[in-house]
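Trainee: Numbering (my numbering), first residue to last: 1 to 128.
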């Protein structure tokens, strides 16, 4: 009895056996750790230099509030634009699918009408 060949997925890649996966190199310091360290260092320097009160006054100034509001509005506008683009793409895909379905239904209807015509002609030929 001849054995069937193994499925293609079990065949080794051309050029020899597959290599074992390399372990991922783990970083000692992540970028989030660096940003956190930098923020703590800046705050510490400000407190040690006595400029912390100036920083707090700057953070809670009306100009800072205006900047935060402008950034929030910009974020919302960009988010809405991305979402409307996504909805337009979905609508385009759905309309294409609907168009294909309608075309298939027309072809099916035409082939059924043709088959019905052929059956009627065959029935008339048998009866007549």
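Virtual Cβ for every residue (Gly too), placed ideally from N, Cα, C.
(1) Whole angstroms is fine: what's the gap from residue 1's alpha carbon to residue 20's?
(2) Tell whether a beta-carbon distance below 8 angstroms holds between residue 58 and residue 52.
(3) Classify residue 1 as helix, strand or coil using the three-state DSSP reduction.
(4) Just to confirm the assignment, what range does the alpha helix (DSSP H) spanning residue 26 have?
(5) I need the DSSP call for residue 61, collapsed to helix, strand or coil.
(6) Which of the three DSSP states is assigned to residue 51 in this structure?
(7) Rounded to the nearest angstrom, what separates residue 125 and residue 103 at their Cα positions?
(8) State yes or no: is the C-beta of residue 46 within less than 8 angstroms of the C-beta of residue 34?
(9) Rounded to whole angstroms, what's the CA-CA distance from residue 121 to residue 112? Just pull it up for me.
Mentor: Let me lay it out:
(1) Here the question's residue 1 lines up with position 1 in the chain shown. Here the question's residue 20 lines up with position 20 in the chain shown. Low confidence applies to residue 1: its pLDDT is 49, below 50, so where it sits in the model is not reliable, and the reading given next is rough at best. Computed Cα separation, rounded: 35 angstroms.
(2) Here the question's residue 58 lines up with position 58 in the chain shown. Here the question's residue 52 lines up with position 52 in the chain shown. Cβ atoms of residue 58 and residue 52: not closer than 8 angstroms.
(3) What you label residue 1 is simply residue 1 of the chain shown in a count that begins at 1. Note that residue 1 scores a pLDDT of 49, beneath 50, so its modelled location is shaky; the value from the coordinates is reported in the next line. Residue state for residue 1 is assigned as coil, using DSSP reduced to three classes.
(4) As a first step, residue 26 is located in the chain shown; it is residue number 26 there, counting from the start. Premise fails: residue 26 is in no alpha helix (DSSP H) and is neither H nor E.
(5) Mapped onto the chain shown, residue 61 falls at position 61. Here DSSP, grouped into helix, strand and coil, assigns residue 61 to coil.
(6) In the chain shown, the residue the question calls residue 51 occupies position 51. Reduced to three states, the DSSP call for residue 51 is coil.
(7) Taking the chain shown and counting its residues from 1, one reaches residue 125 at position 125. Taking the chain shown and counting its residues from 1, one reaches residue 103 at position 103. Residue 125 and residue 103 have their alpha carbons spaced roughly 33 angstroms apart.
(8) For the purposes of this step, residue 46 is identified with residue 46 of the chain shown, where counting begins at 1. For the purposes of this step, residue 34 is identified with residue 34 of the chain shown, where counting begins at 1. It is not a contact, given that the beta carbons lie outside the stated cut-off.
(9) The residue you call residue 121 lines up with position 121 of the chain shown. The residue you call residue 112 lines up with position 112 of the chain shown. Straight through space, the alpha carbons of residue 112 and residue 121 are spaced by roughly 14 angstroms.
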